[in-house]
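> Provided herewith is a single structure, encoded as structure tokens, for subsequent inquiry.
2 protein chains.
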Amino acid sequence: MSFTRAVLPEHIDAEFKVGESPQHHRGELRLWLRLLTVANLIEAEIRKRLRERFGTTLPRFDLMAQLERAPEGIFLGELSRRMMVSNGNVTGLVERLVQEGLIERQVSERDRRAALVRLTDHGHTVFAEMARAHSDWVAELLSQLTAEEQKALWSKLGDLKLSVHAATQPRAEAGTTEEDR
Amino acid sequence: MSFTRAVLPEHIDAEFKVGESPQHHRGELRLWLRLLTVANLIEAEIRKRLRERFGTTLPRFDLMAQLERAPEGIFLGELSRRMMVSNGNVTGLVERLVQEGLIERQVSERDRRAALVRLTDHGHTVFAEMARAHSDWVAELLSQLTAEEQKALWSKLGDLKLSVHAATQPRAEAGTTEEDR
DNA sequence: GCGAAATAGTTTAAGATTAAAAGAACTCGT
DNA sequence: ACGAGTTCTTTTAATCTTAAACTATTTCGC
Numbered sequence: 000m001s002f003t004r005a006v007l008p009e010h011i012d013a014e015f016k017v018g019e020s021p022q023h024h025r026g027e028l029r030l031w032l033r034l035l036t037v038a039n040l041i042e043a044e045i046r047k048r049l050r051e052r053f054g055t056t057l058p059r060f061d062l063m064a065q066l067e068r069a070p071e072g073i074f075l076g077e078l079s080r081r082m083m084v085s086n087g088n089v090t091g092l093v094e095r096l097v098q099e100g101l102i103e104r105q106v107s108e109r110d111r112r113a114a115l116v117r118l119t120d121h122g123h124t125v126f127a128e129m130a131r132a133h134s135d136w137v138a139e140l141l142s143q144l145t146a147e148e149q150k151a152l153w154s155k156l157g158d159l160k161l162s163v164h165a166a167t168q169p170r171a172e173a174g175t176t177e178e179d180r
Numbered sequence: 000m001s002f003t004r005a006v007l008p009e010h011i012d013a014e015f016k017v018g019e020s021p022q023h024h025r026g027e028l029r030l031w032l033r034l035l036t037v038a039n040l041i042e043a044e045i046r047k048r049l050r051e052r053f054g055t056t057l058p059r060f061d062l063m064a065q066l067e068r069a070p071e072g073i074f075l076g077e078l079s080r081r082m083m084v085s086n087g088n089v090t091g092l093v094e095r096l097v098q099e100g101l102i103e104r105q106v107s108e109r110d111r112r113a114a115l116v117r118l119t120d121h122g123h124t125v126f127a128e129m130a131r132a133h134s135d136w137v138a139e140l141l142s143q144l145t146a147e148e149q150k151a152l153w154s155k156l157g158d159l160k161l162s163v164h165a166a167t168q169p170r171a172e173a174g175t176t177e178e179d180r
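Those protein sequence lines, which keep their order, are chains Y and V.
Quick note: the first sequence, position 143, residue 142 per numbering that gives the first Met the number 0, numbers continuous.
Quick note: the second sequence, position 95, residue 94 per numbering that gives the first Met the number 0, numbers continuous.
Dropping the structure here:
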């Protein structure tokens, strides 16, 4: 009886941090903390595996993932928007990926401020391999959920996403055209 | 009819990135992408507000939140574990917060390697104000969900958390003692 | 055409983050 | 006590990140 509780008091997550506010919005905080914790847990695992098996990082992988869907190339600004990171950030990432020969930059003829980036052939090859592994990893991490549970969770997260958008973007009350797939 | 679709093709999220893998684990990827996107959306908004209104950052806030629950102080290692970040990271954060007079370090007498950190009086005061605002912000961002929806989402995220743990921690098949509240 | 304003990217300064190596102090067996 | 091994923390080198300032270029009003 005794050691059930004593053996591993571990599992002291970030979630352990709840309770800031006296009583007010406890449920919301708890939900947010858990969401954050789970996302971090998965992200950390994926980062670790990307580093160990491919010697790369999540931001680089994400950038390449964006490029893969746009064979004709993407301008840096558009890339920045899609990745939801700053322009300066993209500048640096692109620099390193060009260095590694995975992507290439090409200044636009019609607008010499703008530059298009796209995967090189080598980049395509490398990314294909990484994407396969990445996909498998995610599936592995979520494997305890049934397809139905996944679907339900996905749907509820959609509601949450709408709630966040509603609270952060005062505008656009019309049909939001969720480009979501 | 025509402009319903044309007006705002916006909302090009990180979620726009799905579809890496040909067919394999599409559902899982989609779920993970949405989870990540939502978490990032909320986190970005909170970071922004913390910076704008309090001139601070999320990691500093998180660190203080941990300390607030431990009036007697916490050792750096324990802090690192609870925040789920590296030791070196904590070293730097603590440095800056000490600099700002919000927390204090105290080398342990019994073990001169270890140092206890705790909030200063000023730190307590400042944190209380930030925590209240933070709590309100989170509640605001989640406000479109009913209490029931929140609860359901929280529960499903718990299942997901278990799934991730199962896939990342090969050990401990016994009662996992989820220190979760 | 001209100059103002807008746009695309880069640079800069500061911070956050990690893994790996190093330093310092403690524990324990003998 | 002695030294091996462990533990707590810091340091280091690299990357990622952002906001703000800056450069170069384009667009637009007139």
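Heads up, the beta-carbon is just placed ideally off N, CA and C, and yes, glycines get one too.
The structure presented is a predicted model; accordingly, all values stated were derived computationally and were not measured.
According to DSSP, V/I102 sits in a beta bridge with which residue or residues?
For the purposes of this step, residue 102 of chain V is taken as residue 103 along the second sequence, with counting starting at 1. Looking at the DSSP assignment, V/I102 forms a beta bridge with V/L118.
> Have a look at V/R35 and Y/G157 and give me their C-alpha separation to the nearest angstrom.
Residue mapping note: residue 35 of chain V aligns to position 36 of the second sequence, counting from 1. Residue mapping note: residue 157 of chain Y aligns to position 158 of the first sequence, counting from 1. For clarity, residue 35 of chain V is Leu in the given sequence; the question names Arg instead. About 12 Å.
> Please report whether the beta-carbon of Y/K47 lies at a distance below 7 Å from any beta-carbon of chain V.
Mapped onto the first sequence, residue 47 of chain Y falls at position 48. Taking Cβ atoms only, chain V never reaches closer than 7 Å to Y/K47, which makes this a no.
> Taking all protein chains shown into account, do 16 or more other C-beta atoms lie within 10 angstroms of the C-beta of V/G122, making it buried, or fewer, making it exposed?
Translated into positions along the second sequence, residue 122 of chain V becomes position 123. Burial call: buried.
> I believe Y/S107 touches Y/L115 by the beta-carbon criterion, under 8 Å. Please report the beta-carbon distance rounded to the nearest angstrom.
On the first sequence, residue 107 of chain Y is found 108 positions in, with the first residue counted as 1. On the first sequence, residue 115 of chain Y is found 116 positions in, with the first residue counted as 1. Indeed they touch by this definition, with Cβ atoms about 6 Å apart.
> Just confirm the distance between the C-beta atoms of Y/Q98 and Y/M82, as a whole number of angstroms; I'd bet it's less than 8 Å.
Reading the first sequence from its first residue, position 99 is the one you call residue 98 of chain Y. Reading the first sequence from its first residue, position 83 is the one you call residue 82 of chain Y. That pair is no contact at about 19 Å.
> Please report how far the alpha carbon of Y/L144 lies from the alpha carbon of V/H164, in whole angstroms.
Counted from its first residue, the first sequence places residue 144 of chain Y at position 145. Counted from its first residue, the second sequence places residue 164 of chain V at position 165. Looking at the two C-alpha atoms, the distance is approximately 12 Å.
> Quick one, which residues of the region 155-168 of chain V are near chain Y if we go by CB-CB under 8 Å, in chain order?
Result list: K155, L156, G157, D158, L159, K160, L161, S162, V163, H164, A165, A166, T167.
> My assumption, with CB atoms under 8 Å, is that V/L78 sits in contact with V/I102. Please give the rounded CB distance.
Stepping through the second sequence from its first residue, residue 78 of chain V is reached at position 79. Stepping through the second sequence from its first residue, residue 102 of chain V is reached at position 103. Contact doesn't hold; Cβ gap of about 10 Å is too wide.
> Cutting at 7 Å between CB atoms, please list the residues of its own chain near V/E147, excluding the five before and the five after it.
Indexing the second sequence from 1 puts residue 147 of chain V at position 148. Here the set comprises nothing.
> Skipping 5 residues on each side, what residues in its chain have a beta carbon closer than 8 Å to that of V/M129?
Mapped onto the second sequence, residue 129 of chain V falls at position 130. L49, F53, T55, F60, M63.
> Does the Cβ of V/R109 have 16 or more other Cβ atoms within 10 Å, making it buried, or fewer, making it exposed?
Reading the second sequence from its first residue, position 110 is the one you call residue 109 of chain V. Under this definition V/R109 is an exposed residue.
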